[in-house]
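Here's the structure, in structure tokens; my notes come after.
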Amino acid sequence: AVELAFLAVVRMSPDEAVRFSRRALEASAPRAPAAQLARGVELVGLTLGGGGVAALQSAGIAMASGTELPVLVGRGIAKLWTDDLEGAYEDLSVAVTRLEAGEVLGRMAPLAFLADACFRLVRMTEASVHAELACDIVEAAERYWDCAIVHTRAGYAAAAMGDFSRANAHAEAIGAMASRVGDRDEALSRVRASVASASGVAIAIAIARDDPAALLEAAGPATALNGPSEPGSFALGPVLAEALVLTGSLEEAEAALAPYEERAHALGRRSAMAGSARVRGTLASARGDRVGACTSFDAAIHHARRLPLELGRCHLAYGRAMLDAGDVDASREQLDAARAIFAGGGALAFVRLADSVLSGLGAVISVTGRQALTPAEVAVAGLAGQRLSNPEIADRLSVSRKTVEYHLSHIYEKLGVRNRGELARLVVGSLPKR
Numbered sequence: 020a021v022e023l024a025f026l027a028v029v030r031m032s033p034d035e036a037v038r039f040s041r042r043a044l045e046a047s048a049p050r051a052p053a054a055q056l057a058r059g060v061e062l063v064g065l066t067l068g069g070g071g072v073a074a075l076q077s078a079g080i081a082m083a084s085g086t087e088l089p090v091l092v093g094r095g096i097a098k099l100w101t102d103d104l105e106g107a108y109e110d111l112s113v114a115v116t117r118l119e120a121g122e123v124l125g126r127m128a129p130l131a132f133l134a135d136a137c138f139r140l141v142r143m144t145e146a147s148v149h150a151e152l153a154c155d156i157v158e159a160a161e162r163y164w165d166c167a168i169v170h171t172r173a174g175y176a177a178a179a180m181g182d183f184s185r186a187n188a189h190a191e192a193i194g195a196m197a198s199r200v201g202d203r204d205e206a207l208s209r210v211r212a213s214v215a216s217a218s219g220v221a222i223a224i225a226i227a228r229d230d231p232a233a234l235l236e237a238a239g240p241a242t243a244l245n246g247p248s249e250p251g252s253f254a255l256g257p258v259l260a261e262a263l264v265l266t267g268s269l270e271e272a273e274a275a276l277a278p279y280e281e282r283a284h285a286l287g288r289r290s291a292m293a294g295s296a297r298v299r300g301t302l303a304s305a306r307g308d309r310v311g312a313c314t315s316f317d318a319a320i321h322h323a324r325r326l327p328l329e330l331g332r333c334h335l336a337y338g339r340a341m342l343d344a345g346d347v348d349a350s351r352e353q354l355d356a357a358r359a360i361f362a363g364g365g366a367l368a369f370v371r372l373a374d375s376v377l378s379g380l381g382a383v384i385s386v387t388g389r390q391a392l393t394p395a396e397v398a399v400a401g402l403a404g405q406r407l408s409n410p411e412i413a414d415r416l417s418v419s420r421k422t423v424e425y426h427l428s429h430i431y432e433k434l435g436v437r438n439r440g441e442l443a444r445l446v447v448g449s450l451p452k453r
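In this note's numbering, the protein residues as written are 20 to 453.
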């Protein structure tokens, strides 16, 4: 029953996880190892199904030195997914310390979820240390079923730190694991397809490199796998809706965002509400609705208090939207706030994104033209108008050449120009320096 409960978590079937956990508890002595594991996975299953607050109440919020290790880990994961990041960090740190002292856990990868807490707290060096160690342990023990969990967290940290080669190595490790997962079970087939073609690492890389096309490619399968059960379990927010906005599919973005938004508010999950409001603000900005954009971004920042990663992303998106609206001062204020959060926690890729919007532009497009472009297109257009080559633009903005070509094709179409010479005639003035 315990094994089936763990399997249900992998299958993203929280009701089954809870049901089998409780069957294990009924069949075990209260202090037996199976019962301890069952209590821990029951907490995870309840939280995955959206019942995290009740699960935490049943487990007890206060730290207790004698808490059974599986329950401690389950409680840490529940706190993580219900946005108590400091509480999650405390529980999972204690769990890791007890493991190092010789206690046996068997499963639930506390190092990986501790790394996840550090990632969301923008403590990237610490996130990387924990996640890389978890990867080493999993590989040495040939625990292939834990591979996706640990390599995804390591990939998140590597992408945020700007080490894209390392992040890609973790994505490749997840793909290699997929070949070892059987396909007789439909739900496990979905896991296999997801980790092989659209892991969370691919999404993290696309976000950190500001690559909307890559984000859209990865977001669809990952969204289908994660489903609507517990939006707090996925650190990167409503990525499909975000990708659709950034690639100009505004009506599709609206349709993708609405159910996520509804679930976030129904559960009162602050991280998900912040992500929803951030994407809602980006959508309003793309529609030219500055008032709606500001209202949504202000709400996003309110929800994201004490959630550093999401708060930084909210400030960054807000800054881009204000630049798109022509308000350079408001843009700089938001970007400075984002930069401070990311620089303080070692998220160098996000620091570069903030810098590229202002410092990296060097020039702006005439007001008439800028109103038609997204912030990413403004960045590319400003540099292309200065006659920089595609490789030079890609290097300056930390994106791929394919992304530059993608943006340029839209820029030429929107502005009615055919080449860099015509584009250069629309480039006027310079942005104030930081």
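Built from N, CA and C at the ideal position, the CB exists for glycine as well.
Check: Given Leu326 as reference, the closest of Arg282, Val436 and Leu255 once Cα atoms are compared; Outcome: Leu255
Check: Distance between Ala400 and Leu380 (C-alpha atoms, nearest Å); Outcome: Annotation note: pLDDT 44 at Leu380 (below 50); position unreliable, coordinate value reported separately. Roughly 9 Å separates the two Cα atoms.
Check: Leu302 beta carbon less than 8 Å from that of Val264; Outcome: yes
Check: Every unbroken alpha helix (DSSP H) inside the region 157 to 204 [4 residues or more]; Outcome: 166 to 179 and 183 to 197
Check: C-alpha distance - Ala262 paired with Ala43, whole-angstrom precision; Outcome: 42 Å
Check: Nearest to Leu104 (by Cα), restricted to the options Phe138, Ala153 and Cys166; Outcome: Phe138
Check: Whole-angstrom distance between Ser32 and Ser12, CA atom to CA atom; Outcome: No answer is possible for residue 12: the residues shown for the chain start at 20 and end at 453.
Check: Val21 - DSSP class collapsed to helix/strand/coil; Outcome: helix
Check: Buried versus exposed call for His284 [16 or more other C-beta atoms within 10 Å across all chains shown]; Outcome: exposed
Check: Nearest-angstrom Cα separation, counted from Arg371 out to Leu434; Outcome: 27 Å
Check: Residue from Ser47, Ala48, Ala114 and Leu65 whose Cα sits closest to the Cα of Ala27; Outcome: Leu65
Check: Cα-Cα separation between Gln76 and Asp308, rounded to whole angstroms; Outcome: 42 Å
Check: Alpha carbon of Gly331 to alpha carbon of Ala319, nearest angstrom; Outcome: 11 Å
Check: Anticipated Cβ contact below 8 Å, Pro129 with Gly95, distance rounded; Outcome: 7 Å
Check: Closest Cα partner of Glu61 within the set Ala225, His426, Arg41 and Arg358; Outcome: Arg41
Check: Extent of the continuous alpha helix (DSSP H) run through Glu119; Outcome: Leu104 to Glu119
Check: Closest Cα partner of Gly294 within the set Ala237, Ala260, Ala274 and Gly311; Outcome: Ala260
Check: Extent of the continuous alpha helix (DSSP H) to which Glu35 belongs; Outcome: Pro33 to Ala46
Check: Exposure of Val141, with buried meaning 16 or more beta-carbon neighbours within 10 Å; Outcome: buried
Check: Residue closest to Leu269, alpha-carbon to alpha-carbon, out of Lys98, Glu236 and Arg306; Outcome: Arg306
Check: CB contact flag (Ala48, Ala54, <8 Å); Outcome: yes
Check: Check: Glu329 C-beta below 7 Å from any heavy atom of the ligand SAH; Outcome: For the ligand SAH, the structure offers nothing, since it holds no ligand at all.
Check: Burial state of Glu151, where buried means 16 or more other Cβ atoms lie within 10 Å; Outcome: buried
Check: Classification of Ser315 by the beta-carbon crowding that lies within 10 angstroms, buried from 16 upward; Outcome: buried
Check: Beta-carbon proximity check, Ala357 vs Leu328, cutoff 8 Å; Outcome: no
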